[in-house]
Every structure is written in C-alpha cells, then in structure tokens.
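Single-structure report; data block below.
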Amino acid sequence: MSGYHANAFTKGSPLGRYVIKRFVQMVVLFLVFFALSWIALQAIPGNSIEQQLRLNPNLPPEAITQALARRGLDKPPLEQFWLYTKAFFTGDLGVSWSRYPQPVSKLIAERLPRTVMLFSVALLFQYLIGFQAGKYLAWRRNKRGEIAITIAGVSLFTVFYPWFGLMMILLFAVKLGWVPTNGFIVEATWRGAPVSANHVMVIMFFSLLAVTAFIGLTSWASSRLDQPNRRRLVKIGAWVVGLGGFWLFWATNQYLVYAKDVAVHLVLPVSVLTMVGFAGVMLITRTSMLETMKEDFVTTARAKGLSEAMVRDRHAARTALLPVSTSLVLAVATVIDGGIITESIFGWPGMGQLLLASVVSEDIPVALAAFSFTGILALLGHFAADILYGVLDPRIRVTSQG
Amino acid sequence: MTISNEVSNDAPILDVRNVVMHYRTEKGDVSAIENVSFSLKSGESFGLVGESGCGKTSMAMALLQLQAENATFKGGEIVLNGEDMLKMNPAEVRSHRWSDISMVFQGAMNAWNPVHRVGAQIKEAMDLHIRPQLSHTESRERIASLFEMVGLDPEMMDRYPHEFSGGMRQRAIIAMALSCDPQIIIADEPTTALDVIVQDQILTELKKIQHDLGMSIIYISHDIAVIAEVTDRMGVMYAGKMVETGPTIEVFHNPKHPYAFLLLSSTPSITGPRRKLAPLEGEPPNLLDPPPGCRFHPRCPFVTDQCRTEEPPLAEIGGGHRVACWNWESVPPLSEGLRK
Amino acid sequence: MRASSKFPWRFVALLAVLAMIAAACGGSTSDTTAAPGDDVTETTTGTDTPDTTMTDDTTPPSADAFEYKIAVIEDFTTDNYWTYLDTDNSVYNGYLLGGQAAAVYTQVAPSFTLAPSLAVDAVPPIGAADGDNWVISVALREGPTWSDGEAIDANDVAFTFNTVKDLGLGGNWLSSIPLASEDDPTTTDADESAVGLLSVEAADDYTVVYTFNGAPGLPLWQYGAAQFPVMPEHFWGPIVASSADAETFEASSGAGAPSAGGFTFTSREEGAFARLSAAPYYDTGAKTVVYENGAVEYTSPDGVTESYGGTPEGDVVSEDVVGPYASEVVFTVTGGQDQAVLALTEGEVDFWLTPLGVQRGFLDRILAEPDLEVITNPNSGFRYLSFNTRKFPMSDTAFRQAMACMIDKEFMANNVLQGVAISLDTTVPPANSYWHNASIEAICAGLSQEERVAQAITILKDAGWTWDVEPAWDPDNLDVIPKGEGLKLNGEAIGDLTVLAPGPGYDPLRATYSLFIEDWAQDLGIPLSAEPTGFNVIVEKVFGPTDWDMYILGWGTGVFPDYVVDFFESSQDSAEGGFNTPGFKNAEFDALAAEFKQATELADAQQLVFQMEEIIATEVPYVVLFTTPVLEAYRNNLSFPFTAGLGGIQQWNGSQASVRSSQ
Amino acid sequence: MDTKQVPESLQRIEVQIPDRPLWRIRAGLLWESFKSNWKLFKRNRVGLVGLVVIILFAILGLAQPILFATGVWDAKIYDVRTGNDTRVRIAEMTVVANVDEVIDPTSQIDRRRLIAEGENVQVGDVIQRELKHPWPPDRHHLLGTDPNGSDILSQLMYGARAAFGLGLLAAFVTVFIATTVGSVAAYFGGWVDSFFMRFADLLLMLPILAVLIVASSFGRFKLWHLAIFLGLLGGFGGTAIVLKSQALSVKVKPFIDAARVAGGNNWRIVTAHLIPNVMPLSFLYVMFSVTGAISSEAVLSFLGLLNIQMSWGLMINKTQSAGYLLNPATWWLIVPAGLAVTLLAGAFYLAGRGMDEIINPRLRNR
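Going down the list, the protein sequences come from chains A, B, C and D. Start counting the first sequence at 1; every next residue gets the next number (this note's numbering). Start counting the second sequence at 1; every next residue gets the next number (this note's numbering). Start counting the third sequence at 1; every next residue gets the next number (this note's numbering). Start counting the fourth sequence at 1; every next residue gets the next number (this note's numbering).
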C-alpha cells in the first residue's frame, strides 16, 4: 500500500504551465520596475559627479566634463539607458560612480553577507517568538492579560523604530555597557586575522542554517510519529544533536574568536529587531488563529478528544501558519529596504547602508543594482509565497493549476 | 414505517437528567437548555428535533462537553456509563470523547481540516484512543476497512478533504466517527447540506452500520421526516425545553404537544399519512427573557390562562410517550389538521 | 505504507547532511572565490605582519611606541592614492592616504608657510621664458627616500606628471597639476590661451624641469604645480604599464605602496577599520620650529638648520621633532557621531577626526572624562547668501546693500546660533591672517535693529526706490510696523522672490538663518520667502540655468585665496561652467583678478586680494554670513606639535608623524 | 447560542411598509448601526485606548494656534521656526579642571568647556556665565528648549498638526484610490482587473523606504507631496488588493444582480452599490494608512531627507546632528518627540484594530 499520490506538484504539466506563466509575468514586471527605477534615479536633480567635484573651485571645468565622459554620462539619456541595460542583462553591473572605478558587483559582494547574517538571525527569532506568542495570545482571547499583551505588542509593532533602537543603545550599550554600541567587529580582535569578516559570517550563516534546518525538519518529522513519548524523545534529541553539533563545530573551529566577535555585535541589533518584529508576527498569528479557531474543524479536533495543546498546535496553528509563513517570505524579500534604518542606527555596513548612500550620492549604477536586487528578491519572494501557500494549503494547489 | 431493531432493556448507557445550561452574554443569561432529560440505551437510536435555536445542537455539544466558552451548567447530570460527565476534569472528558461518544458533524466540509489528509485526521483519533496503539500499517488497514464500510474507495484516505465531494466527505466523517468503536454516535444534521439522493444514501448507510455494529446513535435534525425515518425514539425540543418524547412512531403519528403537532402539520410527508398542511406562525421566543409558563404559549393555538403562568411538566401519557402540555388532550389527531 | 512512513526521516537526514556540507563548503568556496578577485584582502589581511617593518632599525626609538587610535565616522573608499586624488577625494580617504605622497614644495603647519620639501632652494625659482614657453628648473635634494629605501628623485616627479597626463586622470589631479589646454584632450577650442603645464621632465636624477606655455603666477606655480603630490615610480610604474586605461589603473590596489610620510597603508576591513604602520622616514628626527610671524626654522636630521618664509621673530607657535612615534595609526570606522563620542569616552580611541567638528551637544559627555581635552579652532570656510545679479532686483547694488544691511549677523551668532556660528564679513576669514583684510567692515555693522531699518531705507531711497507704504520702526513693539509695501525702482515692482536654503535636516544653521532673512526682507517690503531645498537641487540650480533669486550655501576653502578670483571674476560665470554663481561683473575686479593671477610676489598678491575683498564687501554679490568653529577632542596623553591653527588638527591629518604619547 | 445557519422555512417574516421618508429611515438605520458599533467598539478596550490618545494629540495640535492667538505665547519666543527665548539666564560659576569634581553644576564649570567655547580662563576663576540653550524644562518652557533656544512643547504641538495633516491626507488619498480601484477592478474584471492588479504587484515590489528616499531627493519634497505620494503608493498597492477582494464578495450579492436587472448602468452600480458596501472596510484602512504615513514621515525626517520646517522626526534629527542624542541629561530633546511618533502611530493602529473587530466579521466572537 505504498503511496497514493494526490500531490498536485507531481502531476507536472499544469503546474509547469503555471510556473512559466508566472515567470513571464515576473520578467515583464521586472523590466518595468527596472526602467522605472532608472528613470526615477536619473530624474533626481544633480548627479554624482557634480556632488563630488562641483564644489572645488580650484578645479578647471574640464575636470567635470572629463569625469562625466569617463562614466558615459556625456551620452544622451536614452543611449545611456540602452548601454546600461545591455550591460546589466549580460551580467555586467558596471562600476560605481561615487567610488569610481570599483565594480558594483564587488561592493555588493562585500555588503551582502553582512545583511544576510544580521537579518537571518533576526528573522529566525522574530518568527519563532512571534508565532508562539501569537498562538498563546489567540488562545487566551478575552482572558486577563490579553489587552495588556496586545497593547504592548502593538506598541512595539508601531514604535518609532529608529528612536526605539537609539533608546536601546542608550540603555544597553551606553548606560549598562553590556554590548558594543555599533559596528560589526572590533579592530583589536581582527588585527592580523587570517580571514575576512565576510568569510567568517558566511560560515556562521551556513552553520546556523544547517542547525535550524536540522532541528526544524526533525521536529516536523517527529510530529508524524505515533507515540507521544517517542515524539518527545526525538524532539529533544534533535535539539541536543543540533545544538551539540553546532557547539562542537565552533568549539573546534579556528575562527571561533572571530565568530564570537561578530556574535557579540549581533546581540543588540538582533534583539531590537526581534522586539520590533516579533510583535507584527504575533499580531498576524493571533488574527489568523482567531479566524481559524472559529472553524468547525477545530471543534472536530476537540470532539476527537485531542488535548488543547494538540488542537492548538496541530489544527489551529497549523492552518494559521499559512499567512505567517507568507509574511516570512515577504519579510525576507524586504530585508534590504528594512536594513536601511537598522544598519544606519547600529553602524552595520550592509546592503541597506549601501542603498541609502548610493541614492544620496546619486551613484546610479550602485543604486540601480541595489534596487534591482530588492526587486528581484521581492518578485521571487511573492512567487515563493504563492508556491509555499500551495504547499501548505492543499486547497490552493488545485486552483492554482486551473 | 417501522424500524426493526432489538432494543435492549438494559440500563441506559447515556442518561441525561434535568440538564440546565445557560449562555452568559452581555445582555444577560440565555437559557439554552432548560431541564432536559432523556436517556439512551445500547443499540438504540434517538432523535432530537426542533427549530433552529431550540437548543438541540447545544444539547449535542453538551454531551461531548464542547459547549461554547460562555456556557455554564446550572444543574443536572449527563451520566455516561454511570459517570457524570459534568463532574469530570478536562482530561477525563477527553478520554471519553470519540472513544465513547463520537460525532458526525453537520456541514461536513468545514469539519475537516483542509491542510491535513483525511486519513491522517482519522488516524489522529485512533492514535489517541485505541490501546494498544495500532502500528502505522494497522491503522491504514483499519481506515481502509472503515472506508469500505461507508462505501468509499480506500485510496481516498491519502487525499485532502477538498478533493472529496460533499457526500464523500460525509461518508468519511462517518468513517472517522466509527474509527474508535464508540458506544454512541451523535449525528448532528448529518444530511442537511446534501442533495436528496445522497441524503438518502447516507441515512441508509448509517442505519446499516448501526445495525451491523450495534451502537447507539443520537440523530439531531430540524427535519422531522429524517428523524422519523431512522430513530427508535425521539424527543421534540422547543426553546431549550423537551416538550414531547416517546417512541418515534407514536410521536410522529400521534403528536400530542401543540408544537410537535404544528411542526408535523407544516411538514409534507411522503412516508407518513396524508394530512393538511398548516403553517407554524410566529417566531421562537427570545431566550434572554423566555415567556413565563409554557414557553410555547405565545404561538400556541390551544393556549389557556394556565399556560401563561404555570410551566407544564413533561408527563407520561402512556406507552413511554411523554408530553409537556396542560392541554395535550385538546390536540387533535394529525389527520384532522388544525381547524381554524 | 512503510515507505511513506519513513519518508520524512530520510528527507530530514538528507537535508541535514546537505546543510552541513553546505556549511563546510560555504567556507571553502568563499575562500577560493575571494582570493583571486580580491587582492586587497589577500595581501593585507595575509601573514605579512607589520612587526617585520617595525623591527627595522631606522625607525625611531620604540621606547614610546604606541598605537594612535583614531575614530572616523565614514568609511574609506579606496586605498589607491591616485584614485583618492581623482574623484574619490573624500576627507576620510585623505586622512588615510594623504600622508604618503612626497612633494617638491610644501606648506608648513600651522602657519601654511611655503617651504621646500624635496627641493633644495628655500623658495621656488621663478624660471625664465623660453620662446613662447616658460621653463622652471628645480634642483632636488639627494637623500630623501621612500619607505622602502628607494631614493625619491626627479624621475618620480616626472612620472607622476606623465601618468596624470597620459592616462588622462582627472578630478582633483587637475587642480594640482594644471595641464596646458592644448594638451587637455577634453577641452575644445575655448580657453586655449590659459596658462598651464606642458611638461615635467627629469633633466637628471635630481633636477626637475617644468615647462609652462606662459608665465605662471603664484596660483599656478608656487601654490600649484610646485606642490603637486609625487608618487613612487618604482612601485606604480609597472602598474601603469600594465593598465590599459585610467579605469583599470585606478581600480588597482595601493596596498604596499611605499610612502614618503612615515606611515604606509597596511590593511583595511571594509566598514570596520584601516591601519597604517610606521615605516622608515627620511625626515625622522628633523626639527621644525614655526614662529609667530610665520617664519619656519628647519633643522635636518643631520643637524643643518635653514629658515624659510622670513626671519624667525616673535613667539614660537609650534616646535616639532618629526617621528613617527606611533607604531600604528588605527582608524576605527564608527557608525556615526554618537558612536565616535562613545569610542572616545570609553577609551577605545584617542582622537576623533571629523570634518564636521565635534558638535556642541557632545561636550557634556566628553568633558565628563578627565583625560579628554577639547580644543576649538576657526574653520577655513564660510557660509554665505548669494544674489543672482543677472536678475532684477538683485541686479541693483542698493537692493543688495539694503538686504545686507538688514541682516544682523551679530544677533544671529550671539542670540540665535549661540556659540555654533561665528559672524564673518569677508571670504578670507580672520584666522587666515596673512590674507585677511582686517579693515573691511560689513555694511551696517554694529547697528541696532532700529538703526539697520533706518539705514536700509536710506540706502534704497538714495538709489531711487519708492514704497506705497514705507516701512517704519515701531519703538513700542520693537518691530517694523507697518512693514513696507509696494517697493518699486523707477516704477518697476518686485515679483515674488525665493531664497533657496538647505532644510533643517541638512543644516539647521543655514535653515534658521534663511527664515530670519525672510523676515527681515519682508520688513522692507521685499516679497522674499525662504524655501528649504535639497542641497543637490540648490547646486544644480545655481550652477545651471540662472532662474534663481538667492540661495544660501557654504564654501570650504583653502588657505591660498585664489578662490576669490574664481568666485567673482566675470569670465568664471557659472552659466559658462565657472564658479561665479552671482554672475558678478565688475571691470575693476576683473582687472585686479588678472593681475593677481600673474603675481609672483606674496606681498603683491596680498594687496590685490585686499582690494578685491573691498569690492566684494561694497558690491555685495555675496553676503558672507558666518563660519563655524571646529571643535576637536582628544585624549590628553597625546601631544601634538600645536593645537591652535586654521582648520584644527585635522587640517594636518591629525599630525600623524609628529604626534606623541606621554605614556 | 446556536449560530449555525438553518433555512428560514420555519419562520415567517413580516414586511412593514414604511410611512417615513426614505432618508430618515436611512439616517435612523445609520444612527442605529453607529450606536451598536460604538457599543462594540467601547467594549473593545484596545480600540478605546487608541481613540483617547488620538483625541489627546488632536487637542495638543489645536492648542498651539489658540495659545498664539490669545497671546499666551509670544510668537517671537515660541514660534517653532524662528522663536527664540533671548532672555538671559546668568549664573555665577567657579572654573574647575574637570566636571567630575563638580558638586553643584549650577555653580561650577569645566574649564575645558570654556576653552571649547572660545573663552580662556584659569581654574579657580569665578565667572558670570550665561546659561546656554538647551534649557531644561521650567515654567516658561514646559518641555525645555532646543539647542537653538526654541520651545520643545511648541514644536511638539506643531508636529502634532503636521502628523495629523500628513497622516489623514495620505490615508484619505490611499482609501479613495483603493476603494475606487478595488471596486472598479472587482466589478469589471477582465483586463481592467489585470491591469490594476499587476500595477499593485509592481508597487508591492518596491522597496518603499528606498523609493521614498529617491522621491525626497527631488529637493523640494514638501510634507503634502509626501502625503500624496504615500497615498498613491498605498492606494494603488496593497490596500487596493484588499478592498478588491471585499468588493468581489459584495459583487456576487443578489442586490447587485437586482440592480443590474433593473437597468442600472455600470458606473451607477459601482458608485451607488459597490463602493458604499466596501466603505466600512475602507475606513478601517484609513486608520492603518495613517499609522504608516506618520512612521514614514518620521523616518525620512529622521534621516534628514525631507526639506520641511518642523516635524517630530526632524526634532530627533536635529537633536542627533547637534550631538544631544545619546545624552540622558538632555532627555527632553529626544524623549517627547520619539514618544509622540510612537504614541500617535500606535493609537491609530489600536483604533484600527478596535474597528477591525467590529467590521471584520471573521473576528467577531459573538
């Protein structure tokens, strides 16, 4: 009796068609986005060269014309756009104007790991804590404490984030001195380091990913086990093995001291991001749970004699997970945009800062690359969210094919 | 039409005694179940009939202790195999759910969790209640046989609820209700949302299963015809009270409560005797502030002054037929209809 | 059935293994990809430890060797000196790289006295005509070496010039190396007659020959070409040879480039820190004494004493025995000003290099630390209101004078912008003492509000302006009531005027100032409104089409006041790409400017600048408003050769090679 | 109670023929629904808290012009832009070497501070010194003054008006567009729908903050420009999608068919039937849009990218650029403004949630 496959994804062609259709839509959307971004950036008064050279009265005017020519800015706008687009889609992101002549790809390669590091950890905590909190909040509806938690949650959710971040720096970094105030590494630790910070962060990210994936998937798989005892055992085992493996990996790692330095610097921004972000997840989860809890199948589950925790986790929460996971995917897609403030406040030199600086300095190649990057992330995010929705909600699978 | 079922004379497996349940709301207490009693013997089928809002679904939920959060029991007991469920702690209640009393829900679509496979949802109940626990294979085999019993292709167990038609879902619900060999199944409007032909199939299926497995079923429906078709005994509820109870044949053919009388008069019957159809006028009372005396008196064509002040008891009128009406003797035979 | 029951297990195991592998590979892939693409990190973070250079016996006594830790709030963007001087000319790159170049002549801190560096002669030779051209031959000293021991010679000077010229490097190179127009590939026929450098050649190892296409004055020669940065040919030559174009060349790394300034660039972690290490310095041990009158007394490491810029007289302003004393200069990039202050107060850094100066609000926190010292110095720059003199009514001198009269700079500096702004009347600030014309007084200086109103009315009336309703000072309300209405010149009314000023988010000082100017103008009946505008928009507008009315911006200026010419000479009109944004046209001024450009004697140039400043003060194309003080904070175990001077310590990159620690 | 749907076959519905004019019935119904909704809203404490805070800020914003008009405040001192308290506060102070030694900060002063401010004196000297701004709160300036000597409370009040103006304008633009777009897209479907929905996708793709930064680089980006820009982004973006789905659920209701059968033209059906029924949900989104707009403005001002005269975000920005940010001693420069943004944005959000529980049938628990 092995396998009655009702999974729509295995049926092939309708889904294939759907993916192709979506892909074409995505490409068109991206082209429009790309062109609009270029136009908008181009339309900003002044340009990068003027900003750099205009205010030095000792410069002959030729210096500016020459600099413009070297960046191809002497050509008519349409030609510039055509040349840039052609290069862009053949993989050449060009060179930065404000940091001429550094390649844009090099700047991005330098910044990206840092943003990924910061936000992957922050998102992990946000969603873990937010989802659990939302679950309990919905379960406690109209009970004591709900209003207080909701108001606290909303306050964190709508708090003026830059200000809140600064207040946290003031409290934890300045007054209490528990954590560094800013930056991502300390010079003294890294002097003569045999390795770059990005390298260490890449290793940190993947080790974290591996552990999270291991624990998450094992726990998920354990929920399919029949006996509660064995289930608990496997779950605990997963944590022990996962965390133990993580510890072992780093305890024996030559880069431990560097990783520690990065980790210490991560504490405050991640905590603040978590505090601000988890509330949003909590509220989504709560709303979604409240809707789910009105469904008949929750009554069915109770009638079956399932414990409240099982009803909550396996039935109500499992279904309420849909919008939450969608929002996670979309949150990943907006990381760079969100990074602008976080990175400015905590002095974390990532993609967000690069984006901000490039727009302010009218460094169009860098800005456009960063824009395109966020645009592609957003497109893929929406696409992934749809697919994920289909995976998590079997009802959608059929409709998305048809 | 009669149902040939051995009705055992043993002590009832379920005995509902004088249950009073209120909903606490902003506007005051809603008296949803007022002093309701009935009992159920092993292998027996019992029907509860009444308009929407009369308390029959509240009663069904109360039997599983699934009443809404704002419900409170003001009295009575629900004795299952000698134990009062109202006195049990939540864990004890849970252990009885499904293993002793299971339920076929109304609106079968929503009763299934859309994100789990049907088989898994059935297995979940079995894992919880069947001891020793079945192995994976054994569970699947059991589900397969249950599916066959209710007339479903066993392969369907690995599908999601939305891939089932309405009738199939209802069959699957029945399979799930049977999965832990309960003593009692509560069928709450089991066929309401289905088309007539499927309705009939499902009812036949249920009857057959009850016959084969010898379990007790409580049918709950607003459709008195359905109740008449499948039950041994029935009760008629009105505004949270049991107004008439007795053997189904007796009540169906010879209703003695004016409400039951009017209800039957307003329902065309294919299977029953020909009769004149009479409309049931007015609306059920507001249970926040139920009328004094007999709750039916504002709508009752046989109303007397006594009805307006004194509450009639549910009194035996012979043959296990009991009626809560001061003037039950004025109620004419069904075939005559209501004279204007 | 079995299979499906086990499925998740296998899946999990597979994924876990994959993830672990990915983690392991993640490291190694980035390893291999980083290496070839990124020479910088490879060589700089590699194993060539700075200790090897430290043990070199030519470095100064390491008894008081210490790390000079500096906070900066913006990251460095390049480690290539050529790129830095082209368009990556941020002050931060300057802090990091500025010290590594050699120069034939240089200006000595803090008096800005012109003194020889590589050259033998105390003052730059004037040279002589050679046909149409002008040839100057400069003898170089034998002895100065790069940090790697190679001699600094005439070939390096010529190489630097040729690289800029041949590769077509641009940006700020062109302000140090004024190429003759014929050779400038980007210039068309205009301005071909302007004087510029034709060639720089090494006649022999220690003789440089500069050829101009005409006689150069002070701006072009002594304060121009004679001071251009010189780069080591033996290091950069091969890189130039292998670079196809300027872009490739400027993208190359400058790591390991020998320096002529006591420190070499060692390593950099983007966004975090950068380091310089002490290196053998040919001038180590030399003593420089600067006197009050600007004269410099220089004693070379081998004890030969010379003096430049006049005979030493008066107090000693600064006395400096060149190090380097620090073993390392470590720059920490902090996220912002607040973080820099924290680094300072918590002892993580010794000094904070910031072109913005320490803001007044930080003083509380800095002064809470007993071991921090704060100094204040005048800034070399000014903020000003500019009129578009091409347009009515700004074209009318009386109008401009009346506006200038109404602007009460003392009130603004003392009452509104307390302590953060210093009132200023000339484009050359008093702190630039040699070039500052102290006799100039702003229009209506020292008058009260009431007197200013009266004076402005008189100025306007005298020039033929009339009102429908004449403004008057109401002594009861201490305000102008009624305000002027219907101001006209010969019947011509004034349309709505706008003063563009940066918003409070960019510069609160100028934003506030603009609002007061709006008020004062309206008192007179001038329909002026202040419009907060983005900095880039103002720049584009005022250097582009000439449809603006007034704006407020600022200039950061050098010490040598050739900018006065650039800002107001009629040929420099911004409509034609110059810097004369007001469109100021004044024949008398133009004549003085032409004379200034040809001047070869400092005293002559000084008098010319004085006269030009007087014209500006009377004709007011600019109303110079204020300047800001530069506050700097440092740990008091540091000792600098001087702490008082225009622009502060940061003007000299934090005196890297001379700073000592008392520890 | 038994909430399950049961056919109404057992009930009889009596139809009353109204004898009052239709508008009075409508008004009556509206009033009734308002009353019952208000009751529901009142019970929801969360929403009530939000509403109270909103009203408090509204009062704060309205108070400022009144204070000026009644002469309680002199514009020369309290104007948020050029106001400047030129009164002189003199204190006699002894010069010490380090503030750590200072016992009484009003009578002693660090010599290094004086040097930094351009006065050269010796330790031990006694000087008459003017107290410089920012001044801590006193009875003239309830929340103190900023480094330029203008009143923080006055700025806060001005900021409240700016926030309300911006927030509400942005929200109404958002909702006006979103309601129209959503209804039109839902009603007409087809390519109209596709066009608007793809456009919405495009806007959802945008990195909003980055786009706002680009927009603000256009130099003369005023507050109301920002409001309309935010309104357009929201109105054609996410909110339109939500309202479209609401409109879709209204579109299939029988009365729409009835109207169509009765010969109503499309436009009339959209404006008279569809939009009014989408309105309640629209109003909910007004609340959420206000929150978004206020936060966006504050962030942009905080980054110093908006060229405006005064706002809460700008107050923080100015504090930061003047160096008073992480200084607990001058808390009045940073706490009121930050708190105000948080409170007002939060209040609109809370009020929105309160309304959500009334309007959104899926969340009603009764």
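Think of the CB as a built atom: it goes at the ideal place given N, C-alpha and C, for glycine as much as any other residue. Here the structure is a predicted model, which is why all the values come from computation and not from measurement.
W163 of chain A has a beta carbon lying within less than 7 Å of a beta carbon in chain D. Across the structure, S311 of chain D and A337 of chain D are spaced so that their CA atoms are roughly 9 Å apart. Distance check between F642 of chain C and each of C:R141, C:S117, C:Y291 places C:Y291 closest, using alpha-carbon atoms only.
Collapsing the DSSP output to three states places N44 of chain D in coil. Taking a cut-off of 8 Å for Cβ pairs, the stretch 167-186 of chain D and the stretch 222-238 of chain D touch, as three or more such pairs fall below it. Going by beta carbons, E233 of chain C and D156 of chain C fall inside the 7 Å limit.
Ranked by Cα distance from E306 of chain C, the options C:P324, C:K287, C:G323, C:S318 are led by C:K287. In this structure, DSSP gives K287 of chain C an extended state, which the three-state scheme calls strand. Neighbours of R45 of chain D in chain A, taken as residues whose beta carbon is under 7 Å from its own, are I147 in chain order.
Annotation: Cβ neighbours of P328 of chain D in chain A (cutoff 9 Å, chain order): L170, V174, K175. M205 of chain D has a beta carbon lying within less than 7 Å of a beta carbon in chain A. According to the DSSP assignment, R112 of chain D belongs to the alpha helix (DSSP H) that extends over 111-116.
Where A91 of chain D is concerned, the enclosing beta strand (DSSP E) starts and stops at 90-96. Distance from the CA of G131 of chain C to the CA of V330 of chain C, rounded to the nearest whole angstrom, comes to 52 Å.
For the stretch 486-509 of chain C, residues whose beta-carbon sits nearer than 7 Å to a beta-carbon of chain D comprise G503, P504, G505, Y506, P508.
Setting aside the 5 residues that flank it on each side, F131 of chain A is surrounded in the same chain by V281, T285, V324, each with a C-beta closer than 7 Å to its C-beta; the list follows chain order. Within its own chain, the residues whose Cβ lies closer than 7 Å to the Cβ of N98 of chain D, once the five positions on either side in sequence are excluded, are D110, listed in chain order.
Of all residues in the stretch 316-347 of chain D, the ones placed with a Cβ closer than 8 Å to any Cβ belonging to chain C are N317, K318, T319, Q320, S321, A322, G323, Y324, L325, L326, N327, A329, T330, in chain order.
Looking at the DSSP output, I552 of chain C shares a beta bridge with C:L385. Y563 of chain C reaches chain A at P57, N58, counting residues in chain order whose Cβ is nearer than 8 Å. The C-alpha of L131 of chain D is placed about 46 Å away from the C-alpha of P207 of chain D. Contact between K409 of chain C and L553 of chain C is ruled out by a C-beta separation of about 17 Å, above the 8 Å threshold. From the listed residues B:W112, B:G53, B:I197, the smallest Cα separation to H162 of chain B is found for B:W112.
Non-local beta-carbon contacts of D125 of chain D in its own chain, meaning distances under 8 Å to residues more than five positions away in sequence, involve T94, V95 in chain order. With 16 or more other Cβ atoms inside 10 Å of its own Cβ, V164 of chain C counts as buried. Secondary-structure assignment with DSSP links E67 of chain C through a beta bridge to C:E328.
Interface criterion met: the Cβ of A116 of chain D is under 7 Å from a Cβ in chain C. A Cβ-Cβ contact shorter than 7 Å links F73 of chain B with M21 of chain B. By a beta-carbon distance limit of 8 Å, K241 of chain B contacts N35 of chain B. Their separation comes to about 7 Å.
For M351 of chain A, the enclosing alpha helix (DSSP H) starts and ends at 351-360. For G216 of chain A, not one C-beta of chain B is nearer than 7 Å to its own C-beta. Within the DSSP secondary-structure output, P116 of chain C pairs in a beta bridge with C:Y105.
DSSP links R268 of chain C through a beta bridge to C:A274. Put simply, the CB of L385 of chain C is far from chain A, with every gap to its CB atoms at 7 Å or more. A residue is called buried once 16 or more other Cβ atoms fall within 10 Å of its Cβ, and V272 of chain A is buried on that count. E348 of chain C sits buried, since 16 or more C-beta atoms from the chains shown fall within 10 Å of its C-beta.
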